[in-house]
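**Student:** One structure follows; several queries about it will come next.
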Amino acid sequence: MSRSPDCLFCKIVAGEIPAEMVYSDDLVVAFRDIAPVAPTHVLIVPRHHIDDAAAIELTDSPNLVALLTAAQHVAVIENVADSGYRLVFNVGDAAGNTVPHLHLHLVGGRELEWPPG
Ligand code: AMP
Ligand code: ZN
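Numbering (this note's numbering), first residue to last: 10 to 126.
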């Protein structure tokens with residue numbers, strides 16, 4: 010697993026900064042967003058540092074599949090699998106991306122507007 014110096018989510022993955030863990034496996038960890046926008050708001054991140062969705066390469070395939078299968082588990086754990094939920098990668102400034110370590114937002118537990126604001 011590669012990590013990036015001073016990366017906030019690499020530090021959470023390493024257990025150096027606390028987070029409220031929801032799920033983890035060999036490839037990913039999932040923890041509650043510190044500023045939730047819905048009753049369920051979980052961030053799913055690869056243990057391996059990848060900058061963002063725009064930096065993904067074909068060799069990252071196992072990490073991407075692991076993010077999505079972890080999302081299935083988190084949805085069940087959080088009891089939103091039946092009601093529905095949204096999965097989001099923010100990329101770049103216009104989308105409000107603030108943490109430069111790939112993370113999949115899982116948001117649910119309320120009606121979600123579409124298109125998003
Ligand atoms: P993004 O805007 O897509 O880059 O998402 C970054 C998310 O990380 C935001 O929703 C923040 O609320 C969340 N966040 C920032 N710091 C922490 C932290 N220490 N623990 C959990 N979530 C965090
Ligand atoms: Zn990182």
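In this text, a Cβ means the ideal position worked out from N, Cα and C, and glycines have one as well. Owing to the predicted nature of the structure, the values given are computational and were not obtained by experimental measurement.
1. Output the residues surrounding ligand 2, defined as those with a CB atom closer than 6 Å to any ligand heavy atom, in chain order.
2. Look at the Cβ atom of Arg-41, then the Cβ atom of Val-51, and state whether they are nearer than 8 Å.
3. Do Ala-84 and Ala-75 come within 8 Å of each other at the CB atom, strictly closer than that value?
4. Within 10 Å of its beta-carbon, does Glu-87 have 16 or more other beta-carbons around it, so buried, or fewer, so exposed?
5. Counting only runs of 3+ residues fully inside the segment 80-126, write out the beta strand (DSSP E) ranges in chain order.
6. Let me check understanding here. Comparing Cα to Cα, which of His-114, Asp-34, Phe-98 lies closest to Ala-44?
7. Relative to ligand 1, is the shortest distance from any of its heavy atoms to the C-beta of Asp-42 smaller than 7 Å?
8. Buried or exposed: Ile-26, going by 16 or more other Cβ atoms within 10 Å of its Cβ?
9. Quick one: residues in its chain with C-beta nearer than 6 Å to the C-beta of Val-97, no 5 flanking neighbours on either side, listed in chain order?
10. Return yes when at least one heavy atom of ligand 1 lies under 7 Å from the C-beta of Thr-107, else no.
11. Assign Val-46 to buried or exposed, taking buried as 16 or more other Cβ atoms, counted over all protein chains shown, within 10 Å of its Cβ.
**Tutor:** Judging by the given coordinates:
1. Arg-12, Ser-13, Cys-16, Phe-18, Cys-19, His-58, His-110
2. In this structure, Arg-41 sits near Val-51, with a CB-CB distance shorter than 8 Å.
3. The answer is no: Cβ separation not under 8 Å.
4. Counting the other Cβ atoms within 10 Å of the Cβ of Glu-87 gives 16 or more, which makes it buried.
5. 94-97, 113-117
6. His-114
7. yes
8. exposed
9. His-114
10. yes
11. Classification for Val-46: exposed.
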